[in-house]
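The opening residue of the sequence shown carries number 2 in the numbering used here; numbering runs sequentially from there.
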Amino acid sequence: MFWVAVVVVSAAEVTNFARQPQPYGLWPLACLGVMVLAWPGMAWDPAAPVPRKLALLPFLAGMVGLSLLSPYNSADIWLLLALANCMFVFGLRVTVAMAACFVAFTFVDILDLPGYTVLEASIQSLVVIMLTVFVTGLASAVTEARRRRAETQRLLGELAEAHQELRAYADQVRELSVAEERARMAREMHDSVGHYLTVIQVGLTNAERFRDKRPEQAWAEVAQAKELTRDALAETRRWVRAMRPLALEGRTGSQALAELARTFDGTGIEVRFQVHGAELPLLGDTEVVLYRVLQEGLTNVLRHAGAQRAEATLSFSEDRVRLRVGDDGHGAPDLTRGFGLLSLEQRAESAGGVLVAGNAASGGFELLADLPVRRR
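If you want it as structure tokens, here you go:
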């Protein structure tokens, strides 16, 4: 826009120079040349280097010379461009001071022309004042808009940085929580399975001692050890399922859920897992919730439902992901929430979703997790 103004005003100056008599020869054209040459080097940013800021001085000198040497010129328009540049680079105070000087200069310069009265010079000066106020106000608005944009960009940068730090902190908290949970589970597993192994060892030692003299008692010890071994194995499997991470050998999403469903093979229930819709990459928090819902649902089926079959369906839509876990058992006569379901409800709420648990209309019990899609 400014270059368009420079070209138009320069063309007008050259036209006036060619049409009107010039008592000072080529000097007005030389002043115009100084202004045009100084224009590309002028700064429009207050953070620009000092030499570029000082390029305004030869531009002003050329403008004053053009106004003094040529009575037919567009010095007022050049003044407006100079004021706009001064406002961008030096601020309002310097611009007002420079405008006052040039209004006074305009008044004296016009009054010095033949045939002009004080009233006419005052009117011309008033026009310059009005144009100066307009350009200064416009440049001030642009400067304020640039300042606010820079401030907004800075705040957005700080917000993005804070968001990254918050996400990193959340990841650390989650890792620490997982580590604490695993440590707790490891202690409980040690106490539980360790007790079984200790009793089994004592029983087998007794069986070895009684096998010659009291074989019936020895076989009783072996039978008891066998029963305890079965219980210990079931307990170990339960802990392994609970401790298994979401990423199973690099698998995430539906692959991890399918792998979890396969771990229930051989438990006496048939587990069917299926996916509906185009799968979307999910954030780790959402995957953890889905994993825990499937884990809790299948564990409840195994323990309480008396079911022969269980079905888990993972459904994707444009902005939601749903996981339904149901069975063909007898349902739950008492729908009181236990610790496991309450924990899952809290997990779902923290991920921005909901968890619904209850008896299905077709029979059996079902868990339904409905979560927003937050992509990686």
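We put the beta carbon where it would ideally sit given N, CA and C, even for glycine.
- Here the alpha carbons of E166 and R231 stand approximately 48 Å from one another.
- Around the beta carbon of T199, a 10 Å sphere encloses fewer than 16 other beta carbons of the protein chains shown; the residue is thus reported as exposed.
- Distance from V374 to L283 at the Cβ level is roughly 7 Å; contact confirmed, criterion being Cβ atoms closer than 8 Å.
- Boundaries of the alpha helix (DSSP H) around E297: 285-301.
- F274 places its beta carbon 8 Å or farther from that of D328.
- In the three-state reduction of the DSSP assignment, A311 falls in the strand class.
- Take P47, set aside five residues on each side of it, and the residues of its chain with a beta-carbon closer than 8 Å to its own are F89, V90, F91, G92, in chain order.
- I270 is classed as buried because its beta carbon has at least 16 other beta carbons within 10 Å across all chains shown.
- When beta bridges are read from the DSSP output, G365 appears opposite no residue.
- In the DSSP assignment, D328 falls within the unbroken beta strand (DSSP E) covering 321-328.
- For a cut-off of 8 Å, the C-beta gap from L368 to T287 is around 16 Å, too long to register as a contact.
- Comparing C-alpha distances from A39 to each of D266, Q202, P115, R53 shows the shortest one belongs to R53.
- L295 and V322 do not touch by the CB rule: their CB atoms are close to 13 Å apart, not below 8 Å.
- Here the alpha carbon of M43 sits roughly 54 Å from the alpha carbon of V174.
- In this structure, L303 lies away from A313, with their beta-carbon atoms at least 8 Å apart.
- A residue is called buried once 16 or more other Cβ atoms fall within 10 Å of its Cβ, and D266, having fewer, is exposed.
- Beta-bridge pairing by DSSP links A358 to L368.
- From the listed residues A352, D320, E346, N360, the smallest Cα separation to G330 is found for N360.
- For S316, the CB contacts under 6 Å within the same chain, skipping 5 residues up- and downstream, are H277, G278, R323 in chain order.
- V194 is not a Cβ neighbour of E222, given a cutoff of 8 Å.
- Taking 8 Å as the cut-off, the beta carbon of G63 is found no closer than this to the beta carbon of V95.
- L291 sits close to L258, with the two beta carbons spaced by under 8 Å.
- The Cβ atoms of L120 and A100 lie no closer than 8 Å to each other.
- In the displayed model, P216 falls within a helix according to three-state DSSP.
- The beta carbons of G332 and G364 sit closer together than 8 Å.
- Residue range 93-112 is occupied by the alpha helix (DSSP H) that includes R94.
- Spanning the alpha carbons of L156 and R150 requires a straight line of approximately 10 Å.
- For the pair I130 and L55, the Cα-to-Cα distance works out to about 25 Å.
- The Cβ-Cβ distance between F211 and Q202 does not fall below 8 Å.
- Here A311 is near V272, since their CB atoms are less than 8 Å apart.
- Nearest C-alpha to L132 among F103, T144, S318, Y117: F103.
- Assigned with DSSP and collapsed to three states, P41 falls in helix.
- The residue among V289, E152, A184, T137 with its C-alpha nearest the C-alpha of A98 is T137.
- Among the bridge pairs identified by DSSP, P373 is matched with R321.
- Here DSSP, grouped into helix, strand and coil, assigns F60 to helix.
- Ranked by how close their Cα comes to the Cα of K227, the residues E176, S178, Y197 have Y197 in first place.
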